[in-house]
Amino acid sequence: MDKSKNPDGEIAYGAGHINPVKAIHPGLVYEAFKEDYIKLMCSLGYSPDNVKLVSGGNSSCPKRSENVPPKDLNYPSPTASVPTNKSFTVTFHRTVENVGLANSTYKAEVSPNPKLEVKVVPEILSFKALNETKSFKVTVSGGDLKSHSLLSTTLIWSDGTHIVRSPIVVHT
Numbered sequence: 000m001d002k003s004k005n006p007d008g009e010i011a012y013g014a015g016h017i018n019p020v021k022a023i024h025p026g027l028v029y030e031a032f033k034e035d036y037i038k039l040m041c042s043l044g045y046s047p048d049n050v051k052l053v054s055g056g057n058s059s060c061p062k063r064s065e066n067v068p069p070k071d072l073n074y075p076s077p078t079a080s081v082p083t084n085k086s087f088t089v090t091f092h093r094t095v096e097n098v099g100l101a102n103s104t105y106k107a108e109v110s111p112n113p114k115l116e117v118k119v120v121p122e123i124l125s126f127k128a129l130n131e132t133k134s135f136k137v138t139v140s141g142g143d144l145k146s147h148s149l150l151s152t153t154l155i156w157s158d159g160t161h162i163v164r165s166p167i168v169v170h171t
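Numbers 0 to 171, taken from numbering that gives the first Met the number 0, label the letters of the sequence shown in order.
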């Protein structure tokens, strides 16, 4: 699939083709842990039996289960549902771990989409050590998205050696 011919096709082709050699050394990784999935399932209303079935253990929803919307799971492909025919602003919080090189600096770049305004804070992530984590937020704004539509763009973190591509999708 060619992005130049299908600019809103992020959901169809995800982060692109995998280069097996580069995949061995990705540079940055987004991690989501078992507990994150359990909180998500609880906030989505899964029954205790289903939570245990999926988690494969004695997991259960905490008594004061926090509401975790799907957009907040630390996935490399931020996706959110937005209102139809209204302006919207949605913020994604993400954390990445440096598995590339110590003393590396990654700069954020967002592919242009004239229908979306995207702000990444901070725009630069500097790591002193391996396995160090850094958090950032991505705020996406736009408007007048018709029913059953989607808009997409791409966030790329690069240190000059590694390229970490994350599709960003908003849909009604």
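A virtual CB, placed ideally from N, CA and C, is assigned to each residue, including glycine.
- Within the region 67-108, the complete beta strand (DSSP E) segments of 3 residues or longer fall at 78-80, 87-97, listed in chain order.
- In the three-state DSSP reduction, residue 155 falls in the strand class (E or B).
- Nearest Cα to residue 73 within the set 95, 171, 61: 95.
- When beta bridges are read from the DSSP output, residue 170 appears opposite 80, 149.
- As far as DSSP is concerned, residue 46 takes part in no beta bridge.
- Minimum Cα-Cα distance from residue 65 among the listed residues 38, 89, 86 corresponds to 38.
- Between the alpha carbons of residue 47 and residue 79 lies a gap of roughly 26 Å.
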